[in-house]
Every structure is written in C-alpha cells, then in structure tokens.
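Sequential numbering of the sequence shown, starting at 1, is according to this note's numbering.
C-beta atoms are modelled at their ideal positions from N, C-alpha and C, and glycine is treated no differently.
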Amino acid sequence: MLRSDHSFRTLRRAVGTVGAGALITLGTAPCAVADDSGTELVLGTIAPISGVRPGSTFEAPVTFGNKGTQALRKVWLRYTVTQGLDYADVPSNCVRWDIGSYDELPARSQMTCGFDQAVEPGVVYAPERLTLKALHRALYEDLDVAVGDYDFGPDEGASRPMRGTAPAAKLVERPGSVLTGSSSGNHDYAEDRVRVKAANTADFQVSGARLNGRVGDTVDLQVKFINAGPAWVLVNPGPPVPTRVLIKIPSGTTAVKAPECKKPTAGTYDCYIAQGWVEEDQVNTYSFKLKIDKAMAGAKGSVALNAESRPYDVNKANDKADILLDVEGSGSTGGSGSPGGSGSSGESGTTGSGATGNSSATGSSGSASTTGGNLAATGSGPALPLAGAAAAVVAAGAGTVLLVRRRAARR
C-alpha cells in the first residue's frame, strides 16, 4: 500500500525537535474546536471507482461526520490525486497546488477547501460537489481524501497556490446516512485512500538493433524500453508492471561495458526500470560495448519484457526484438531473414563482394583458396599453349649452353 502524504509529513516533522513542531502546529491551526476531547472527525469509507473513460468526469462519494459531543465551527477537506486525474473545477473556497515526484511518490496535485459551517455531532456531511476528471494518461490512479479541523497547507515541493474561481462549495447534510469508516486515532484528522481505474491502455515495447563489425572489433549496442502510452502506469497497489527488461547479447561476443543490471547467466542481463511507475512516452536506453570474439553463423541476441501479466498492454507483438550481428568478411549474418541473405550464395567460402580484398578475411576459411580463380585450374584450355611455349624456351636455352661448352673445349 502506498504511504499517505500525511505519514510522510509526520516522519519529516519528527526529524526536528518536538517543541518546535508543536509550536508550528499550534501557530498555524485556527481556533476551531471548543474542546479537543469533545470532537472526533470520521471519514466515510470510499468505494473503489472503476471503468472511468479518459476525458470523462465522475463524482467522488465523500462523506464525513463528527462522532464527538461538541460541534466544530470550521473544517477543511483535502483532496490529493495522482497525475492521471484532475479537478473539473476549483471552487473559490479552495486552493490548488501541483506537486512534483519525491520520496518514491509520483507527481500529483492537491486541493484544500475550507468550510465555514458548523459540523454538529452525529450528523453525516458531504461536499455538495467534488467532480474529478480523467485525463488521457489515466489508468491506475489514487484518490486520497482527508478531513481535519485545521488547514492542511501545501505538501513539500508544491507549486504556487492557485485560488479557485468557481462558485464556492458548501457542505450538505445526509439525513439517514451512516458512516462506515473509522477515525484515524487523531480526533482532529481522518483520511482514506481509494484506487480509481480508468478504461485505458499502455503499450510497453522494446526495440532491438543491428550491428556490423569484424572479428576483434568493439561495437556499440543500444536497445530500448518504451512506453508508447497513452497511459502511464503506477505500480502499487495496482497490478504489477514489467519492471524488468531481459537482454541477451549475440553469441560470439563479450560485453566489455554493460549497464548496471543483474547477470543471471553468461551473456544475459536482467535490467530493472528505476522508479515505481512508468510515465507515458518514457524511454529507457540500455547501452553496451560488445567485442566480437568470433564469427558464428546465425548468431543473434534478443531484448524482451519479462513474463509478468500486463492486462493493460494489449499489443504483445512488440514485447520482444532481435539483436542482429553481421560479421564482415566471415559470411555470417544475424539470422536467415536479415538483409543480404544467409551468406551461402556464390562460390564456396565467399559472401558477396566483401569477402574479396578484405584484410580481415586473410587466412579465413575458404577465402584464400578461392582467390585467383582459374589460375589454379589444370587440364585443357588456355594453359596448354603456355606450357608448349615454355618447353620450347627451355629447349633453346639448353642447346645454347651445350654449344658454348663445345667451343670452349676446342680452344
């Protein structure tokens, strides 16, 4: 369960001195309670909300009451929503803040409304309206509601306050209603959180790569995880998201530089997505430097999402991609379906034009034996006249040597 903003604020205040914290609280809270022991705020349980369509609006059924014996002269309601939700309007007795992500909490917005109305004991109240809007990115959202006898104020990292311009909201009594919630243990404060599920999708996908090089080269590899949206995905307490990307480098290569990922087996990397949520249009790039140790026919690697269930991701075709490797001068390519074919066409041991005249191919299997073509052939053909001419030259040379020797002997 996600921790509430209130609990985070309590932990941060505990870092300071108890005396200073108490003075700040007393200085900022209005004198709204006649006797602390005579009031007890209770927030009604909010049922989960589902099936909300992006772009639509919906009402949040918020109720609260005072289980004490004395009336409150004023109360405040605070609404906090994650970034896939927004407020349809902000009443003039409310202030809104936008808050960036921190402490493993995603970005969100808050709206605090003050009600100058008496809250009598034993009566159930509700704001006359609280209309929320689902944005295009909505999927698994959190709605946090708190009621208190003091002004909550902004949370850490909040933007400048924005005062509402819509007509002021009021509290209305709900005769016959019974509160099913419980108090937080603090008579001046109560809080509840509910999950809002939107009818939306998020397309998680990966991209592969095609590498080229010679044996002994070091090449750069970059593969990617992408959330093509339209929704962002919040991890907890919703369904699990694929927080891992599984990368297998091609056979015949060694990673001389790799990202900080787990390595369950040789040549395999298990990479986590850093934060507890995935933004829409988020791109994670995983960079390697691979040394090509040897050429291996059909060698290829892969990048894939892990096998966790992703009900919001309806397109499974892009959950895996190949990492292809073409080794120059060897005849090996990354798979039979890659451009350039399998490398078996033409003379034995050659692969297109790249196998001839390439220094890296010197001494490689088959390439040296094929270089030279018909000069190595025997039998009939153009080689026969050349052999006859060579024999005639040799015979003439031998006759000349014999004649010179005979003349020298007579002298």
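Simplified DSSP assignment, three categories, for residue i
i	result
A20	Confidence at A20 is low in this model, with a pLDDT of 41, below 50, so the placement of that residue is unreliable and no value is reported for it.
G55	coil
G38	helix
E308	coil
W232	coil
G267	coil
L135	coil
E280	coil
K294	coil
T45	coil
V178	coil
K320	strand
C94	strand
L221	strand
W76	strand
A255	strand
G329	coil
V81	strand
I249	coil
Top-ranked residue by Cα proximity to residue i, from the options
i	options	result
G298	T39, P250 and Y286	P250
A126	R108, L171 and A107	L171
R53	A231, G213, R73 and D217	A231
A321	R129, I46 and L305	L305
T265	I247, Y272, D281 and E279	I247
A146	G44, V219, L325 and R163	G44
G164	N227, K262, K67 and W97	W97
S101	A158, A258, V196 and V178	A158
G122	K74, V206, I226 and F64	F64
E104	A134, F225, N236 and V81	N236
D203	S109, V215 and V283	V283
A169	E40, V303 and V75	V75
I99	V278, C113, D155 and E128	D155
E128	K224, E173 and V233	E173
A190	V206, V219 and F152	F152
T112	V124, D220, V95 and A118	V95
A134	K262, R193, N212 and A60	A60
G68	D281, V42 and D89	V42
R73	G114, T82 and G213	G114
F225	V215, G213, V245 and L324	V245
A317	S109, A307 and Q205	Q205
Inter-residue spacing [alpha-carbon to alpha-carbon] between residue i and residue j
i	j	result
L143	S287	38 Å
A209	H136	31 Å
A199	K294	50 Å
T419	Q222	This structure cannot speak to residue 419, because the chain is shown only from 1 to 411.
T243	Y87	30 Å
G229	G84	12 Å
R78	G38	23 Å
D270	S56	39 Å
K291	P106	39 Å
F58	G51	11 Å
R195	A166	27 Å
L139	V327	45 Å
Q70	T80	28 Å
E141	P175	31 Å
L26	T268	Legend: pLDDT at L26 = 39, less than 50; position of this residue unreliable, value from coordinates given subsequently. Each residue's alpha carbon lies about 58 Å from the other.
N227	L130	32 Å
A47	D319	35 Å
T285	P311	24 Å
K197	T218	47 Å
S187	L234	Note that residue 187 is His in the sequence shown here, rather than Ser. Approximately 32 Å between the Cα atoms of the pair.
V303	V215	23 Å
G363	I323	Low confidence applies here, because G363 scores a pLDDT of 35, under 50, leaving its location unreliable and the question unanswered by this model.
Buried or exposed (CB count within 10 angstroms, at least 16 for buried), residue i
i	result
Q275	exposed
S309	exposed
D149	buried
R160	exposed
N66	buried
S289	According to the sequence provided, residue 289 is Lys. The question's Ser does not apply to it. K289 is exposed by the Cβ-count criterion.
K257	exposed
P91	buried
N315	exposed
V178	exposed
K300	buried
E260	exposed
T28	Model confidence at T28 stands at a pLDDT of 42, short of 50, so the residue's coordinates are unreliable; what they give is reported in the following sentence. Exposed: under 16 other Cβ atoms inside 10 Å.
Y272	exposed
T378	Note that T378 scores 36 on pLDDT, short of 50, meaning its location in the model is unreliable; the coordinates nonetheless yield the value given after this. Flag for T378 reads exposed.
T180	exposed
D116	exposed
D220	exposed
D192	buried
Near the ligand GDP: residue i beta-carbon under 7 Å from a heavy atom
i	result
A295	Absent from the structure shown: the ligand GDP. Ligands present: none.
Beta strand (DSSP E) runs wholly inside the stretch 180-211, at least 3 long, in chain order: 189-198 and 202-207
Return the chain-ordered ranges of every alpha helix (DSSP H) run that is complete within the stretch 106-176 and spans a minimum of 4 residues. none
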